[in-house]
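**Student:** Just passing along the structure, written as structure tokens.
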Amino acid sequence: MNTANKYLEDSLNKRRNAGALRTIKVLHGLVDFCSNDYLGFSTTGALRAKILELEQKQPSHVFEGSTGSRLISGNSAIIESLEEYIASFHNAEAALLFNSGYDANIGLFSCVPKRGDTIFYDELVHASIRDGIRLSYAKSYSFRHNDINNLEELTKLAKGNVYIAVESVYSMDGDMTPLNELVNFCERHNANLIVDEAHATGVFGHAGSACVSDLMLEKKVFARIHTYGKALGTHGAAVVGSNLLKEYLINFARSFIYTTALPFHSIIAIKCAYSLLTESDEMRKTLHENIKLFSQLLEKNKIINSIKSESSIQCIVIPGNEKVINASNKIQKKGFDVRAIMSPTVPEGKERLRICIHAFNTEDEIKGLVEAIVNIC
Ligand SMILES: Cc1ncc(COP(=O)(O)O)c(C=O)c1O
68 MNTANKYLED SLNKRRNAGA LRTIKVLHGL VDFCSNDYLG FSTTGALRAK
118 ILELEQKQPS HVFEGSTGSR LISGNSAIIE SLEEYIASFH NAEAALLFNS
168 GYDANIGLFS CVPKRGDTIF YDELVHASIR DGIRLSYAKS YSFRHNDINN
218 LEELTKLAKG NVYIAVESVY SMDGDMTPLN ELVNFCERHN ANLIVDEAHA
268 TGVFGHAGSA CVSDLMLEKK VFARIHTYGK ALGTHGAAVV GSNLLKEYLI
318 NFARSFIYTT ALPFHSIIAI KCAYSLLTES DEMRKTLHEN IKLFSQLLEK
368 NKIINSIKSE SSIQCIVIPG NEKVINASNK IQKKGFDVRA IMSPTVPEGK
418 ERLRICIHAF NTEDEIKGLV EAIVNIC
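The sequence shown begins at 68 in my numbering and counts up one residue at a time.
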């Protein structure tokens, strides 16, 4: 075996021995408590019907790719008009589409903070933000999760332009960032707030416009990231902010420049998902009722190892990769698709069941899931 293959094998064995080997699997016939399809857009058929209707009106290039980068042949009037719509929906000057939330964060964080600048990021921010920060030449420091006092303490390290990176709803904990306090902090320290709204889009705010809009802080936030693979049930993402930021990203964000633009089908799907959002008040209401029911049942059953959350993401901490996998297997055997989040995705000792509550989950399903959790806790 050559040394490269030996390295691959050794690394996988190390993971395997730590009980942390990641695998991908297809499970059938279980109740969905793990997908990010919070409103059921991708499963209930509502989005599909809208997409088919719109695509039939423009049959000529439904299935083809975009043929190039936005800067060459991949741009179109329909992408530009969708970006205008996204900007107005989130009450911003401009929006720029990326092929995914991962690409949006990589592009934004790698090119906006420069050498001599400083990034402070919440210790729990998503891997895509961390990877973007790693690609930037700015100095970066993490602050304790949601701890503005710790952020204050770190300000002595600030140099150049200062950026603060947070998520409005944390992807692996489900809790929310204190946006008002962070905006105050940024005003006091002349810092620029960047908010990843991946798990808030569609779930919070008027018509699902997310947390920054809900709190009317649009003018006080430097950039927001909205992703479309979660509550919107499709794929892609947008960075939302000023016209100046958009022009800068078109010129410097490498994950925007050096990639083939989203195909026509994805643009139509995002457009339809936004249209569906404007009709989704009832679904959102049901979603929040379901979240409340789940939390109340956890409390009633004294499940103390849950992480407090008002979002669709609810977690039960079960330390140890082996233990948490055993727990998820047992729950899956009862018919509920709940996945284990292992270390190193989350810190060692904080392994957890990550449960996603949806608008389409029934009361009986939620009660059944809690009963299954009680049995393993
Ligand atoms: C907070 C957050 N940001 C960004 C992403 C990446 O988004 P996408 O799946 O569109 O690449 C995710 C998805 O896992 C996420 O949870």
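Glycine included, every Cβ here is placed at the ideal spot set by N, Cα and C.
(1) Please report the residue range of the alpha helix (DSSP H) in which Q381 lies.
(2) Use the C-beta contact count for L249: other C-beta atoms within 10 angstroms, 16 or more gives buried, fewer gives exposed.
(3) Is there contact here, the stretch 238-249 with the stretch 196-205, by at least three beta-carbon pairs under 8 angstroms?
(4) Where do the N-terminal and C-terminal ends of the beta strand (DSSP E) with E234 fall, by residue?
(5) If you check the beta carbons only, do F210 and N216 fall under 7 angstroms apart?
(6) Below 6 angstroms CB to CB, which residues in the same chain sit around N259 once its five sequence neighbours on both sides are set aside?
(7) Nearest-angstrom Cα distance between I146 and I334?
(8) Should A232 be counted as a contact of ligand 1 given a C-beta to heavy atom distance under 6 angstroms?
(9) Any chance you could list the beta strand (DSSP E) runs of at least 3 consecutive residues sitting entirely within the stretch 252-294, in chain order?
(10) Restricting to runs no shorter than 4 residues, where is the alpha helix (DSSP H) found entirely within the stretch 80-150?
(11) What are the start and end residues of each continuous beta strand (DSSP E) run of 3 or more residues lying completely inside the stretch 285-356, in chain order?
(12) Suppose contacts are defined by Cβ-Cβ distances below 7 angstroms. Is A274 in contact with L114 by that definition?
(13) Going by alpha carbons, who is nearest to I408 out of I91, T110, N142?
(14) Do H266 and V236 come within 7 angstroms of each other at the CB atom, strictly closer than that value?
(15) Taking buried to mean at least 16 other C-beta atoms within 10 Å of its own C-beta, is P330 buried or exposed?
(16) Got a sec? Which residues, its chain only, sit under 7 angstroms from R406 by beta carbon, not counting five neighbours each side?
**Tutor:** Here's the rundown:
(1) Your numbering for residue 381 matches position 314 in the sequence shown. Bounds of any alpha helix (DSSP H) do not take in Q381; it lies within the beta strand (DSSP E) bounded by 380-384.
(2) What you label residue 249 is simply residue 182 of the sequence shown in a count that begins at 1. The residue in question, L249, is buried, as its Cβ has 16 or more Cβ neighbours within 10 Å.
(3) Output reads no: the stretch 196-205 does not touch the stretch 238-249.
(4) Translated into positions along the sequence shown, residue 234 becomes position 167. Counting along the chain, the beta strand (DSSP E) containing E234 begins and ends at 229-234.
(5) For the purposes of this step, residue 210 is taken as residue 143 along the sequence shown, with counting starting at 1. For the purposes of this step, residue 216 is taken as residue 149 along the sequence shown, with counting starting at 1. Taking 7 angstroms as the cut-off, the beta carbon of F210 is found no closer than this to the beta carbon of N216.
(6) What you label residue 259 is simply residue 192 of the sequence shown in a count that begins at 1. The beta carbon of N259 is closer than 6 angstroms to those of Y230, F289 in its chain, skipping five residues each way along the sequence.
(7) Taking the first residue of the sequence shown as position 1, residue 146 is located at position 79. Taking the first residue of the sequence shown as position 1, residue 334 is located at position 267. It is roughly 7 angstroms from the alpha-carbon of I146 to the alpha-carbon of I334.
(8) Residue 232 sits at position 165 when you count from the first residue of the sequence shown. For A232, the Cβ stays outside the 6 angstroms cut-off from all heavy atoms of ligand 1.
(9) Listed in chain order, the complete beta strand (DSSP E) runs (minimum 3 residues) inside the stretch 252-294 are 258-263, 290-294.
(10) Segments of the alpha helix (DSSP H) lying fully in the stretch 80-150: 113-124.
(11) Runs of the beta strand (DSSP E) inside the stretch 285-356: 290-294, 304-308.
(12) As a position in the sequence shown, residue 274 is number 207, starting the count at 1. As a position in the sequence shown, residue 114 is number 47, starting the count at 1. Not in contact: A274 and L114 (Cβ atoms no closer than 7 angstroms).
(13) One-based indexing of the sequence shown puts residue 408 at position 341. When the alpha-carbon of I408 is set against those of I91, T110, N142, the nearest one is in I91.
(14) As a working mapping, residue 236 is identified with position 169 in the sequence shown. As a working mapping, residue 266 is identified with position 199 in the sequence shown. Taking 7 angstroms as the Cβ cut-off, V236 and H266 qualify as a contacting pair.
(15) If you number the sequence shown from 1, residue 330 lands on position 263. Buried, by the Cβ-count rule.
(16) Here residue 406 refers to the residue found at position 339 of the sequence shown. Within the same chain, and ignoring the five residues on either side of R406 in sequence, the residues whose Cβ sits closer than 7 angstroms to its Cβ are C101, S395, R421.
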